[in-house]
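Colleague: One structure, pasted below without further comment.
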Amino acid sequence: MKNVILIGFMGVGKGSVAREVVKHSEYIAIDTDDIIESMENRKIKKIFQEDGEEYFRSIENKIAHWLKNSIQNTLISTGGGFYKQKGLKDIGLVVLLDSPFDDIIKRIKKHPNAVRKLKKRPLLNDLKLANKLYDERRPEYLEVADIVIDVTNKSAYDCAKELLKKVKKHV
Ligand code: S3P
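Taking the working numbering, I'd label the letters of the sequence shown as residues 1367 to 1537.
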């Protein structure tokens, strides 16, 4: 089993899909944002507020090196900007969860914790800017991805099943 790296825009459902993959396979999952919060003992929002985005990206970089050197057989769910790390493919098979911007926002707003979900993501605070960021990133996501899963209007379970099927074919 090779590492699988889940990438995609904020709110696309990386965490939900990762949890379904874990339920239905041998994979153990970790999440780069969770690792950062535990290393720093503070929330992502606080890290952005207190030390800025550049500092946050430097921790992502440290984690990318650690993943490459030390982690195997694992599903790695990542923050929406982690895909920019160099040598992503050396860490594992890159799987993009893809959906149009409006559908991602609709998905977040449907959630019972919608306000918290929006607030905890500094780069989603201004939806106009977030849409611009999405437009900039989408071609880059597609370029780095080995596998693309369109998650629009699909359950996390269906996405997980599709992921496992496609990963199996790929390895
Ligand atoms: C970010 C996405 C967030 C988190 C940070 C920056 C980004 O993770 O890493 O707020 O640059 O897209 P999610 O994709 O899990 O929201």
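Where is the CB? At the ideal position from N, CA and C, for every residue including glycine.
Can you say whether ASN1479 is buried or exposed, counting buried as having 16 or more other CB atoms within 10 angstroms of its CB?
Modeller: In the sequence shown, the residue the question calls residue 1479 occupies position 113. It counts as exposed.
Colleague: Are the stretch 1519-1528 and the stretch 1432-1448 touching by the rule of at least three beta carbon pairs closer than 8 Å?
Modeller: no
Colleague: Have a look at PHE1414 and ILE1425 and give me their C-alpha separation to the nearest angstrom.
Modeller: Locating residue 1414 in the sequence shown gives position 48, counting from the first residue. Locating residue 1425 in the sequence shown gives position 59, counting from the first residue. Approximately 12 Å, taken between the alpha carbons.
Colleague: Can you find the residues in the same chain that come closer than 8 Å, C-beta to C-beta, to ARG1473, ignoring five residues on each side of it along the sequence?
Modeller: Counted from its first residue, the sequence shown places residue 1473 at position 107. Same-chain partners within the cutoff: GLY1377, VAL1378, GLY1379 and SER1465.
Colleague: For ASP1397, which residues in the same chain have their Cβ closer than 6 Å to its Cβ, ignoring the five residues on either side in sequence?
Modeller: Working through the sequence shown from its first residue, we reach residue 1397 at position 31. Answer for ASP1397: SER1443, listed in chain order.
Colleague: Could you tell me how far apart the beta carbons of LEU1454 and TYR1507 are, in whole angstroms, since I believe they sit closer than 8 Å?
Modeller: Within the sequence shown, the letter at position 88 stands for residue 1454. Within the sequence shown, the letter at position 141 stands for residue 1507. About 11 Å separates the two Cβ atoms, so there is no contact after all.
Colleague: Taking 8 Å as the cut-off, is the beta-carbon of ILE1410 closer than that to any non-hydrogen atom of the ligand S3P?
Modeller: Here residue 1410 is taken as the residue at index 44 of the sequence shown, counted from 1. Annotation for ILE1410 indicates a beta carbon within 8 Å of some heavy atom of the ligand S3P.
Colleague: For ILE1513, collect the residues of the same chain with a Cβ closer than 8 Å to its Cβ; drop the 5 residues on either side in sequence, then sort them by chain order.
Modeller: The residue labelled residue 1513 in the question sits at position 147 within the sequence shown. These residues qualify, in order along the chain: LEU1459, VAL1460, VAL1461, LEU1462, LEU1529, LYS1532, VAL1533 and HIS1536.
Colleague: Taking the beta carbon of ARG1482 as the centre, do at least 16 other beta carbons fall within 10 Å, making it buried, or is it exposed?
Modeller: Taking the first residue of the sequence shown as 1, we reach residue 1482 at position 116. That one is exposed.
Colleague: CB-CB under 7 Å to ASP1399, same chain, minus the five flanking residues each way: which ones, in chain order?
Modeller: Taking the first residue of the sequence shown as position 1, residue 1399 is located at position 33. Here the set comprises ILE1410 and GLY1445.
Colleague: Rounding to the nearest angstrom, what Cα-Cα distance links ASN1439 and GLU1416 in this structure?
Modeller: Sequence index remark: in the sequence shown, residue 1439 carries index 73 (1-based). Sequence index remark: in the sequence shown, residue 1416 carries index 50 (1-based). Going by the C-alpha atoms only, they are around 35 Å apart.
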